[in-house]
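Keeping their order, the protein sequence lines are chains W and Z.
So in numbering that gives the first Met the number 0, the last one in the first sequence is 305, and the numbering has no gaps at all.
So in numbering that gives the first Met the number 0, the last one in the second sequence is 366, and the numbering has no gaps at all.
Glycine residues also receive a C-beta, built at the ideal position from the N, C-alpha and C atoms.
Following: one structure in structure tokens, then a few remarks.
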Amino acid sequence: MVKVENISKKYGKVQALNNITFNVDKGEIFGLIGPDGSGKTTLFRILTTLLIADSGIAKVDGYDVVKDYREIRKIIGYMPGRFSLYQDLTVKENLEVFASIFNTSIEENYYLIKDIYSQIEPYKNRYAGALSGGMKQKLALSCALIHKPVLLFLDEPTTGVDPVSRKELWGMLKKLKEDGISIIVSTAYMDEAGLCDRVALMSKGYCLSVDTPKNIIQKYDKILWSVSSNNMSKLLKDLKIHSEIESCFAFGDTHHITLKNRITFNELHNYLMKLGHNEIEIKTISPGIEDCFMDLALKGADDASN
Amino acid sequence: MGQFFVFIKKEFYHIFRDRWTMIILLILPVIMLTLFGFAITTEVKNTKLGVFDPSKDIATRSIIQRLQANEYFILKKFISNPDRIEDEFQRGEVGLIIVFPEKFYENLLHTGEGQIQLITDGSDPNNAITLTNYATNIVASYQQELNKTAVIPYQIVPEIKLLYNPRLKGAYNFVPGIMGMILMLICAMMTSVAIAREKEKGTMELLLVSPMKPLVVILSKVVPYFFVSIINLATILLLSVYVLEVPVTGSLFWLIIISLIYIFLSLALGILISSLVNSQVVALLISGAVLMMPVLLLSGMIFPVESMPYLLQLLSNAVPARWFIMAIKKLMIKGLDVTSIYKELIILGSMAFFFIVVSLKTFKNRL
Numbered sequence: 000m001v002k003v004e005n006i007s008k009k010y011g012k013v014q015a016l017n018n019i020t021f022n023v024d025k026g027e028i029f030g031l032i033g034p035d036g037s038g039k040t041t042l043f044r045i046l047t048t049l050l051i052a053d054s055g056i057a058k059v060d061g062y063d064v065v066k067d068y069r070e071i072r073k074i075i076g077y078m079p080g081r082f083s084l085y086q087d088l089t090v091k092e093n094l095e096v097f098a099s100i101f102n103t104s105i106e107e108n109y110y111l112i113k114d115i116y117s118q119i120e121p122y123k124n125r126y127a128g129a130l131s132g133g134m135k136q137k138l139a140l141s142c143a144l145i146h147k148p149v150l151l152f153l154d155e156p157t158t159g160v161d162p163v164s165r166k167e168l169w170g171m172l173k174k175l176k177e178d179g180i181s182i183i184v185s186t187a188y189m190d191e192a193g194l195c196d197r198v199a200l201m202s203k204g205y206c207l208s209v210d211t212p213k214n215i216i217q218k219y220d221k222i223l224w225s226v227s228s229n230n231m232s233k234l235l236k237d238l239k240i241h242s243e244i245e246s247c248f249a250f251g252d253t254h255h256i257t258l259k260n261r262i263t264f265n266e267l268h269n270y271l272m273k274l275g276h277n278e279i280e281i282k283t284i285s286p287g288i289e290d291c292f293m294d295l296a297l298k299g300a301d302d303a304s305n
Numbered sequence: 000m001g002q003f004f005v006f007i008k009k010e011f012y013h014i015f016r017d018r019w020t021m022i023i024l025l026i027l028p029v030i031m032l033t034l035f036g037f038a039i040t041t042e043v044k045n046t047k048l049g050v051f052d053p054s055k056d057i058a059t060r061s062i063i064q065r066l067q068a069n070e071y072f073i074l075k076k077f078i079s080n081p082d083r084i085e086d087e088f089q090r091g092e093v094g095l096i097i098v099f100p101e102k103f104y105e106n107l108l109h110t111g112e113g114q115i116q117l118i119t120d121g122s123d124p125n126n127a128i129t130l131t132n133y134a135t136n137i138v139a140s141y142q143q144e145l146n147k148t149a150v151i152p153y154q155i156v157p158e159i160k161l162l163y164n165p166r167l168k169g170a171y172n173f174v175p176g177i178m179g180m181i182l183m184l185i186c187a188m189m190t191s192v193a194i195a196r197e198k199e200k201g202t203m204e205l206l207l208v209s210p211m212k213p214l215v216v217i218l219s220k221v222v223p224y225f226f227v228s229i230i231n232l233a234t235i236l237l238l239s240v241y242v243l244e245v246p247v248t249g250s251l252f253w254l255i256i257i258s259l260i261y262i263f264l265s266l267a268l269g270i271l272i273s274s275l276v277n278s279q280v281v282a283l284l285i286s287g288a289v290l291m292m293p294v295l296l297l298s299g300m301i302f303p304v305e306s307m308p309y310l311l312q313l314l315s316n317a318v319p320a321r322w323f324i325m326a327i328k329k330l331m332i333k334g335l336d337v338t339s340i341y342k343e344l345i346i347l348g349s350m351a352f353f354f355i356v357v358s359l360k361t362f363k364n365r366l
């Protein structure tokens, strides 16, 4: 469905994208996972024909993003990261405008957006600017779907959306997938990676890994511990200077560490006791996507500096 | 085509639903025109008149009556002591004092010559000249009448005639200038801001990622503002004819034609600006600095082009408003016909063509 080969893009001196390569298959939910500034939006803009890459080839449904941009614009649906509808138009007017852009009507493809749009239909005469965050997202998604695209681009659709709406949105994406629409979605929330069929982990313009979330976790070969104590900020510093610890990151209310050599729980416990920590808890844990991302990002940084 | 109309409808929604846009589009032109037409005017009305008249004969009374009957002067007071004249000015009681000598009528009959002194505050020279001109004209008209009945002419009166603006009406100068300014403001500024708003809000991104042609996007933006400009043109013309009493003495048809050309030109400029900038504020600043300033300063609206330094004169050639204002002055006030504005028509027409082509070329298909 989408073919990306060695795409690079520079903004002035900043290398926004660096030799990105991946494929997206028909009918899958493909996730671009990475923190802010990793190049997700730039990649989206290249694939949606809004930007031209400095080098590399990208194809959407067989069409070249530079040469055949007109064809691509007919068949894709795009939902930018920022809410980009007309705030001074009502819900219904917005939908009408976007239907007319694609020379279609609300009635024609109503079945496609029915599940989503029916939730905001009671407010169809309200200005889009007066909707809540979750409802805005639903309207934006309806507008992106109104012309029955074969491929849907969603740039950080869950950013700034409440947990319930986030869950709902992923549910909608699953349904759309069943309708045969391929979806490329970007997110900075690592925990959402598991909801995609395949993901590309991105960091600072590099693509770290492309695989199913399951495989990415399986490939993780480090020993991972979670550590906590009564003084978490001091703990982070103390763990970082320990010679046997390879990496240490704060993860919510614990710190995750990986080890260079095998040390025991007791050795680490004693080390921390000496430094004045109390209520120390050390556990072996299985890695999540975020652990894999941190590990890959670290490797990537090493590779880049070499 | 349906697409196009939906978009025009949408654009009208944007205009009607934003109070400030509405105010700027429809009220501002009226306010500007009335302000310039009435308040900021070089015309002098209801000036308080002081009179020192020791003769008190038939001639002086007649002249005073004429002055008084005119809308420019109000007889404020008779002064009995000529030493107090300066006093009156210092207290700001009067704007003009007319001083008659003793035995004015007698002297006029016997020597054929009568002398009158007009005293006014010279610290505002424009005002002073205007006032004395009015008064001189009035006195002159009395003398002419007197001469009709007399066998021997009493005095040869130099005829002062002010071409095109006999009453030195300020509005005559300002109406064409205001037209040039308002149309430029509405067309260029509002379109550029409207397109920049789409970019700023991110909706342009969505429009670009659609099969819609850029030309349709632009045209649907321009059409509503074109209609608003037509309304403004009508408002300005009606206001100037019926309220400011500046008649359209020349061809109304060609006046409208040249205005339409100017509107197209301004719309094209607006599109050009919008394709260069990404935010509404910058669009506003550029239209303000690059369009409004030249219209105000270089178009001849305030400062006559002929009295500018040579370099600025050259520069003023590139200001479309200059040609527009010149043409409007010829058509509206001097009452000349279309043959007199061929040059302006050609210049404005080619400028419009140039800017439309350039603005369509620079409109980007991508971000």
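Contact check, residue i vs residue j, beta carbons under 8 Å
i, j, result
"W/Ser-99", "W/Tyr-116", "no"
"W/Ile-28", "W/Val-184", "yes"
"W/Thr-257", "W/Ile-288", "no"
"W/Leu-194", "W/Leu-295", "no"
"Z/Met-211", "Z/Ile-327", "no"
"Z/Ser-315", "Z/Val-304", "yes"
"W/Met-201", "W/Ile-32", "yes"
"Z/Ile-181", "Z/Ile-235", "yes"
"W/Asp-114", "W/Met-171", "yes"
Neighbourhood of residue i by C-beta distance below 8 Å, restricted to the same chain and skipping five residues each side
i, result
"Z/Ile-159", "Because Z/Ile-159 carries a pLDDT of 36, less than 50, the predicted location of this residue cannot be relied on, and the following value inherits that uncertainty. Excluding sequence neighbours, Z/Ile-159 sits near Asn-132, Thr-135, Asn-136 and Ala-139."
"Z/Val-318", "Pro-293, Val-294, Leu-297 and Ser-298"
"Z/Ser-101", "In the sequence on display, residue 101 of chain Z carries Glu and not Ser. Cβ neighbours of Z/Glu-101 beyond the five flanking positions: Pro-53 and Ser-54."
"Z/Ser-278", "Ala-195, Lys-198 and Glu-199"
"W/Asp-53", "Ser-7, Lys-8 and Lys-9"
Residue i in three-state terms, based on DSSP
i, result
"W/Tyr-219", "coil"
"W/Cys-247", "strand"
"Z/Val-289", "helix"
"W/Cys-195", "coil"
"Z/Val-222", "helix"
"W/Met-171", "helix"
"Z/Gln-143", "helix"
"W/Ala-15", "strand"
Contact set between residue i and chain Z, taken where Cβ atoms lie within less than 8 Å
i, result
"W/Val-96", "Val-5, Phe-6 and Lys-9"
"W/Ile-56", "Neighbours of W/Ile-56 on chain Z: none; closest Cβ ~17 Å, over 8 Å."
"W/Arg-72", "Leu-207, Val-208, Ser-209 and Pro-210"
"W/Ile-75", "Val-208"
"W/Ile-51", "Arg-365"
"W/Glu-92", "Lys-9 and Tyr-12"
Own chain partners of residue i with C-beta closer than 7 Å, once the 5 adjacent residues on each side are dropped
i, result
"W/Gly-133", "Val-160, Asp-161 and Ser-164"
"W/Glu-155", "Gly-80, Ser-185, Thr-186 and Ala-187"
"W/Ala-249", "Leu-235"
"Z/Ile-324", "Pro-175, Gly-176, Gly-179, Ser-298, Gly-299 and Met-300"
Counted within 10 angstroms of its Cβ, other Cβ atoms place residue i as buried (16 or more) or exposed
i, result
"Z/Thr-361", "exposed"
"W/Pro-121", "exposed"
"Z/Arg-321", "buried"
"Z/Trp-253", "buried"
"W/Leu-49", "buried"
"Z/Arg-196", "buried"
"Z/Ile-62", "buried"
"Z/Arg-90", "exposed"
"Z/Ala-282", "buried"
"W/Ser-228", "buried"
"Z/His-109", "exposed"
"Z/Phe-353", "exposed"
"Z/Asn-45", "exposed"
Contact list for residue i against chain W, beta-carbon separation under 7 Å
i, result
"Z/Met-211", "Ile-100"
"Z/Gly-381", "Limits of chain Z in this structure are 0 at one end and 366 at the other, which puts residue 381 of chain Z out of reach."
"Z/Arg-16", "Asp-87"
"Z/Glu-204", "Leu-49, Pro-79 and Ser-83"
Chain-ordered chain Z contacts of residue i [CB-CB under 9 Å]
i, result
"W/Ser-7", "Residues of chain Z passing the Cβ test: none, with the nearest at roughly 17 Å."
"W/Thr-48", "Leu-207, Val-208, Asn-364 and Arg-365"
Contact with chain B by residue i, beta-carbon distance below 8 Å
i, result
"Z/Gln-2", "Among the protein chains in the structure shown, which are W and Z, there is no chain B."
Contact set for residue i: own chain, Cβ-Cβ below 6 Å, skip 5 residues either direction
i, result
"Z/Leu-162", "With a pLDDT of only 38 at Z/Leu-162, under the threshold of 50, the placement of this residue in the model should not be trusted, and no figure is reported."
"Z/Val-93", "Lys-47, Gly-49, Lys-75 and Glu-87"
Closer than 9 Å at the beta carbon, the chain W residues around residue i
i, result
"Z/Thr-20", "Under the 9 Å cutoff, chain W gives no residues; its nearest Cβ is about 10 Å from Z/Thr-20."
7 Å Cβ cut-off: residues of chain Z touching residue i
i, result
"W/Arg-44", "Leu-366"
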